[in-house]
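Structure, as structure tokens:
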Amino acid sequence: MTTTADLSDREHFRVVAEPSALRVAGAAFLLTLSSAPYATTAYAQEPAASGELEEVIVTAQRRSEKSVDVPISITLLSGAVLEQSGAEELGDIAKLTPALRFDAQGTFYQPTIRGVGTAVTTSGGGPNVGIYVDGFFASNPEVANFQLMKAQSIQVLKGPQGTLFGRNTTGGAILVTTADPSTTPSAEFKASYGSFNAKKVQGYATFGLIDKIAMDVEGIYSRGDGFVENVITGDDKDGKYENWSVRTGLKAELSDSVSALLRYAHSEADDPTALLTNAYVDETGQAGFFSRLPTSAYGTNDSTGRALVYFYLPPTFYATDPDQVAQSTTFHNSFTNQSDTVQATIKADLGFADLTSYTQYRKDTAVNLEDLDATAETLFHIRIGIDNETVSQEFLLNSKSGSRLQWTAGLNYFKNDDKWEDVQASIGSPVFFPLGGSSATTESYAGFVDMTYELTPKLFLTAGARYSYDMMSGDFLTTLFQTAYIDANGNTVPLVNAFGVPLVPYGTKISSNDEKNDRVTPRVVLRYKPTQESSIYGSYTRGYKAGVLDLGSPSLVPVEPESIDAFEVGYKYDDRRLSADLASYYYDYKNLQVSSFQNGAAQIRNAAESEIWGLEGSLRYKLTDAFDINAGAAYTHARYKSFKNAPYYTYCDAAVALFSGQPFVCPAAPVPGSSPVVYFPFAGSVTQVTTDASGYRMQRSPDFTANLGASYDLPLG
């Protein structure tokens, strides 16, 4: 029997029944029928003896190695751990991984590791933590929190992975490994029912078609009423969702030395959960929203205990409880997405080395309908239609094991088209009008090599480097109320005549720009192996996030690449009964790409410099054949060293701006249908100013995170 803590607010009790074991965890009622036992880990080099843990093999260095011999801080979650903890979506692993957060900006899910992440949501923005599924890069943040399909293991690599995984892995990488088709027939089926009418069914089957050709197929379907109640209408189904995915694969052993795996996956989502926001209450007053206002504006400049919404609204127009929302009868948040993915993995034994080819095509089509003011008033709603298309090709060459020199080399090509062409807004009325759009094309070429040489039987030197060449081109489309824009040379370009009539039709491409970068990201590691069960290492690695364009305005200002220099010292121990990892690190982080919103438009800029250092550790101990415990903790000190003009939000009162010398101007919104175009101050909303954030804690970087788990298995048959 296995007992774990489930941190979900939505479900409360789970029972899992299998032919080989009875497990109790926290969620819903779940019945599992399987013709084959569930593997305790995806990478077991040999079966564990009585009272021992499985020997863990990882692919953090793009080749299979013992975890204790890999000089990278890794959290490995086996299929059994994921099952026992109730992890159903990728974001659930944050409960099991110290120093990892899995936050979201609306429907854009953005992992952060050791304080390194991003809140940039714009066309072509890109992540800081790379997500890889069976070796394929998943670049679209809107589908980053996917349902787990027959996951054998998940590896969370901490620290920059710029050499082996490349661009946009300044924080680290998350590697998801799923099962390959097998000619040995097996199948399993799971069905669950939980609170809020949550239903889920999942099935997997694999079998041989003919000798040396195997096929598998898996499907997931889930639906429910959601966990929120609308305080305006009393409806408890505003969070209603319906999601499903299907995936199939065909694996052929073409010869003794060549195999090919073809996969196709399709998924559809109709799920507003990530958009069901409510009013934030400033319990401590640290938000400082009134700090720049004269007390005459609202009678106070202290926001302690106040809900930070459109200030003139009565409390009946918004909700503050996490289980409640305030939505009008004419508008509901929604998110729909459809994804299609085709992948081909070819492996060949060349005699002197092993070659792997990864080929991918993916297309995602999404529509976001979001209430940006989080109230029942029709203040500011937005509709964003996004088309995302990815093509990638990678060749990976690995040396044969057994020699003193082990190496990995590769070539990578990546292209992503991200189009936000159907952007509409509703301001002060339920009628939507065109707001404009943008599109970005990102293209990357890279080559890398990483080598480990055995200096002595106990001392190893690793050195590697990657060269990346990245290009990004962007287009900006006119909006209905566009009056002028500033081009890349600082010139003002008018777009309307004296009567406010647009001179060019809505949707016309009015500006283009491109950004090109190239970087070398090196890696050097010295590892000492005092015993077969332990390792001590010191490493230097560099991470790199490619430059982007500020697509929130027609100027399309280039934003410089991020860079991070990371130093880490670590210790690993694994005697098949006790497994322990310790690591301390220091990051010098420069040119952070940060985003903010002003007058409804995203703005991206570079923060000057940050400093991150910390200490983390994890252990797993097998007390008996059936009972083991695991624990992890991390302390992260992440601060902006120099950030002079950080965006800062405060309340805006139009009357105060006019008569009291308020040091900033309320954002202006166009009156729909007015001609000539009339703008009115958006009184009571938030407006952006700047402040010196030097010394402030970085976003999404709590000082302390920890997890604790225990597992007890009782065989039944």
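Using this note's numbering, the first residue of the sequence shown is number 369, and each one after it goes up by one.
Quick reminder that beta carbons are idealized off the backbone N, C-alpha and C, glycines included.
**Asked** Do V449 and L464 come within 8 Å of each other at the CB atom, strictly closer than that value?
**Response** One thing to note: L464 has its Cβ within 8 Å of the Cβ of V449.
**Asked** Comparing alpha-carbon positions, which option in E597, R1068, G485 lies nearest E930?
**Response** Measuring from the Cα of E930, the nearest candidate turns out to be G485.
**Item:** Per-residue burial, Y632 [other beta carbons within 10 Å of its own, 16 or more giving buried]
**Value:** Label assigned to Y632: exposed.
**Asked** Using CA coordinates, which residue listed in N705, V436, N974, S952 is at the minimum distance from N959?
**Response** Taking the Cα of N959 as reference, the smallest distance to any Cα among N705, V436, N974, S952 is reached at N974.
**Item:** T909 vs G673 beta-carbon contact at 8 Å
**Value:** At a Cβ-Cβ threshold of 8 Å, T909 and G673 do not count as neighbours.
**Asked** How should S769 be labelled, buried or exposed, when 16 other C-beta atoms within 10 angstroms of its C-beta is the threshold for buried?
**Response** Result: exposed.
**Through-space distance from T443 to A948, alpha-carbon basis** = Taking the Cα positions, A948 is about 11 Å away from T443.
**Distance between F935 and F505 (C-alpha atoms, nearest Å)** = Distance between F505 and F935, taken at the CA atoms: about 25 Å.
**Prompt:** Excluding sequence positions up to five away, which residues of its chain have a Cβ less than 6 Å from the Cβ of R891?
**Reply:** The beta carbon of R891 is closer than 6 Å to those of T531, G832, T909 in its chain, skipping five residues each way along the sequence.
**Asked** In three-state terms, what does DSSP make of P1070?
**Response** P1070: coil per DSSP, three-state reduction.
**Request:** Going by CA-CA distance only, name the one from A647, A541, T490 that's closest to W788.
**Result:** In terms of CA proximity to W788, T490 leads the group A647, A541, T490.
**Prompt:** Taking buried to mean at least 16 other C-beta atoms within 10 Å of its own C-beta, is D639 buried or exposed?
**Reply:** D639 comes out buried.
**Terminal residues of the alpha helix (DSSP H) in which L450 lies** = Residues 447 to 453.
**Asked** The beta strand (DSSP E) with G576 in it runs from where to where?
**Response** Per DSSP, G576 belongs to the beta strand (DSSP E) from 566 to 578.
**Request:** Give every residue of the same chain whose Cβ lies closer than 7 Å to the Cβ of G605, excluding the five residues on either side of it in the sequence, and list them in chain order.
**Result:** It should be noted that the sequence gives Lys, not Gly, for residue 605. For K605, where only same-chain residues beyond five positions count, the Cβ hits under 7 Å are D593, G594.
**Request:** Under the assumption that S655 contacts L676 (Cβ atoms under 8 Å), give the Cβ distance between them as a whole number of angstroms.
**Result:** Note on identity: in this sequence residue 655 is Ala, with Ser being the wrong assignment. 6 Å between Cβ atoms; contact.
**Request:** Taking the CB atoms as reference points, tell me whether F828 and R730 lie closer together than 8 Å.
**Result:** Taking 8 Å as the Cβ cut-off, F828 and R730 do not qualify as a contacting pair.
**Asked** Pick from L723, S806, R834, A628: whose alpha carbon is nearest that of L919?
**Response** Among L723, S806, R834, A628, the Cα nearest to that of L919 is on S806.
**Under 8 Å between C-beta atoms of G539 and R469** = Against a cut-off of 8 Å, the Cβ pair of R469 and G539 comes out as no contact.
**Alpha-carbon to alpha-carbon, S1010 and D670** = Roughly 27 Å between the two C-alpha positions.
**Item:** Chain-order list of residues whose beta-carbon lies under 6 Å from that of G503 (same chain, five-residue window excluded)
**Value:** Hits under 6 Å: Y726.
**Asked** Start and end of the beta strand (DSSP E) containing E757?
**Response** Element bounds for E757: 748 to 767.
**Message:** Less than 8 Å between the C-beta atoms of A721 and S767, yes or no?
**Reply:** Yes, Cβ-Cβ distance for A721 and S767 is below 8 Å.
**Beta-carbon proximity list for F564, same chain, < 7 Å, skipping 5 on both sides** = Non-local beta-carbon contacts of F564 in its own chain, meaning distances under 7 Å to residues more than five positions away in sequence, involve R378, G592, D593, G594, F595 in chain order.
**Those runs of the alpha helix (DSSP H) which lie wholly inside the stretch 683 to 723 and span at least 4 residues** = The stretch 683 to 723 contains no whole alpha helix (DSSP H) run of 4 or more residues.
**Asked** How is P509 classed by DSSP in three states: helix, strand or coil?
**Response** Reduced to three states, the DSSP call for P509 is helix.
**Item:** the stretch 578 to 585 / the stretch 542 to 560 touching (three or more Cβ pairs under 8 Å)
**Value:** The stretch 578 to 585 and the stretch 542 to 560 touch, with no fewer than 3 CB-CB distances between them shorter than 8 Å.
**Message:** Quick check: the Cα distance between Q900 and S521, rounded to an integer number of angstroms?
**Reply:** Cα-Cα distance, rounded: 24 Å.
**Prompt:** With 16 as the cutoff for other CB atoms within 10 Å, does F657 come out buried or exposed?
**Reply:** Answer is buried; the Cβ neighbour count reaches 16.
**Asked** Would a C-beta distance cut-off of 8 Å place M840 and L747 closer than the cut-off?
**Response** Note that the C-beta distance between M840 and L747 is not below 8 Å.
**Request:** Determine the closest residue to G498 out of K526, M517, G474, with distance taken between C-alpha atoms.
**Result:** Measuring C-alpha to C-alpha distances from G498 to each of K526, M517, G474 identifies K526 as the nearest.
**Prompt:** Got a sec? Which residues, its chain only, sit under 7 Å from G653 by beta carbon, not counting five neighbours each side?
**Reply:** These residues qualify, in order along the chain: D670, S671, T672.
**Prompt:** Would a C-beta distance cut-off of 8 Å place A455 and A1002 closer than the cut-off?
**Reply:** Result no, Cβ atoms of A455 and A1002 do not sit closer than 8 Å.
**Request:** Determine which residues share a DSSP beta bridge with R910 and list them.
**Result:** Note: R910 sits in a beta bridge opposite D933.
**Asked** Smallest Cα separation from T537: which of A734, V599, S836, G719?
**Response** The alpha carbon of T537 has as its nearest neighbour, out of A734, V599, S836, G719, the alpha carbon of S836.
**Message:** By the DSSP assignment, the beta strand (DSSP E) with V614 in it spans what residues?
**Reply:** Taken as a continuous stretch (DSSP letters only), the beta strand (DSSP E) holding V614 covers 609 to 621.
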